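Everything below concerns the one structure shown next.
Residue numbers (the working numbering): 20 to 316.
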């Protein structure tokens, strides 16, 4: 059985019933926009509160930074009034007053010396040792919390008065010329050395070997043990030779500086005893430089 398809009409029926207008993304709304004023005020107040808090935090951070900077400045700052400590080995009678004003002047010479980080301690130490040759060592330091530079000074002993070319100088245990006797007039019990060799000297020069200073000190100690005293030593033009004048003796003792002072003085005392036993006594000199052979006149 065959079926016949009926052709569908293209006419579309349109509804005459009134419908609703559909709003979409592209269709502007006709309803008025209502603004929640209370919500806007809350947001404005919140923004104002946040701004105030941020401002207060900023001010607080600034004040904290200023305070920290001030504390660091106070910890690192140095003034120009030093604290001087002279080591207990000092036997010269020199006090800190001798060095305080010069050290203060050196500290004031540079703005770098007002801060612990930039303190030019090495240069100051060199300047002090140049101007004060009796200083054996000096250390410029500072404490973490203190504001005064601290100078620790070690001073050489000054056992010798050295006469040369009409002037008298003070000489340290290292043989260093520290200046004329007027520089440190209170020095006592010095060994007097008269240099007739014509050597020129000035402050800061080495005028004697340290071993020679030790030699003279040892001779003095030996004489003191015999209740005798050194009047002076005389250095002649003869190299490495010296003449000893003993207080109360009319003669000189001729010595050689490279010999052992204990042996030389032992030879001297033995010779004086032998000469005395023969009823004689030296009038000009007794020469112990030749070791076992002694010459006298």
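By construction, the Cβ of each residue, glycine as well, lies at the ideal position given by its N, Cα and C atoms. Since this is a predicted model, take the numbers as computed values, not measurements.
Rounded to whole angstroms, the gap between the alpha carbons of residue 98 and residue 192 is 34 Å. The residues 174, in chain order, have a CB closer than 7 Å to that of residue 109 in the same chain once the five nearest residues on each side in sequence are set aside. Within the same chain, and ignoring the five residues on either side of residue 259 in sequence, the residues whose Cβ sits closer than 7 Å to its Cβ are 275, 276, 277.
Note on residue 207: under 16 other CB atoms within 10 angstroms of its CB, so exposed under the neighbour-count rule. Taking the Cα positions, residue 190 is about 9 Å away from residue 199. For residue 96, the closest of 224, 203, 133 by C-alpha to C-alpha distance is 133. Residue environment for residue 308: buried (at least 16 other C-beta atoms within 10 angstroms of its C-beta). In this structure, the CA atom of residue 302 is about 9 Å from the CA atom of residue 271.
Setting aside the 5 residues that flank it on each side, residue 215 is surrounded in the same chain by 253, 254, 255, 256, each with a C-beta closer than 8 Å to its C-beta; the list follows chain order. The Cβ neighbour count for residue 188, taken over all protein chains shown within 10 Å, is at least 16; the residue is labelled buried. Taken in chain order, the complete alpha helix (DSSP H) segments of 4 or more residues contained in the stretch 215–264 are 229–244. The continuous stretches of alpha helix (DSSP H) do not include residue 200, and DSSP gives it neither H nor E. Residue 240 and residue 178 have their C-alpha atoms spaced approximately 12 Å apart. Within the DSSP secondary-structure output, residue 213 pairs in a beta bridge with 182, 253. Counted as a single uninterrupted DSSP element, the stretch harbouring residue 268 is not any beta strand (DSSP E), since DSSP gives it neither H nor E.
Fewer than three pairs of CB atoms, one per stretch, sit closer than 8 Å, so the stretch 123–130 makes no contact with the stretch 71–84.
Residue 124: member of the alpha helix (DSSP H) spanning 116–127, first to last residue. Between the alpha carbons of residue 296 and residue 287 lies a gap of roughly 14 Å.
Per DSSP, residue 176 has no beta-bridge partner at all. Across the structure, residue 261 and residue 105 are spaced so that their CA atoms are roughly 35 Å apart.
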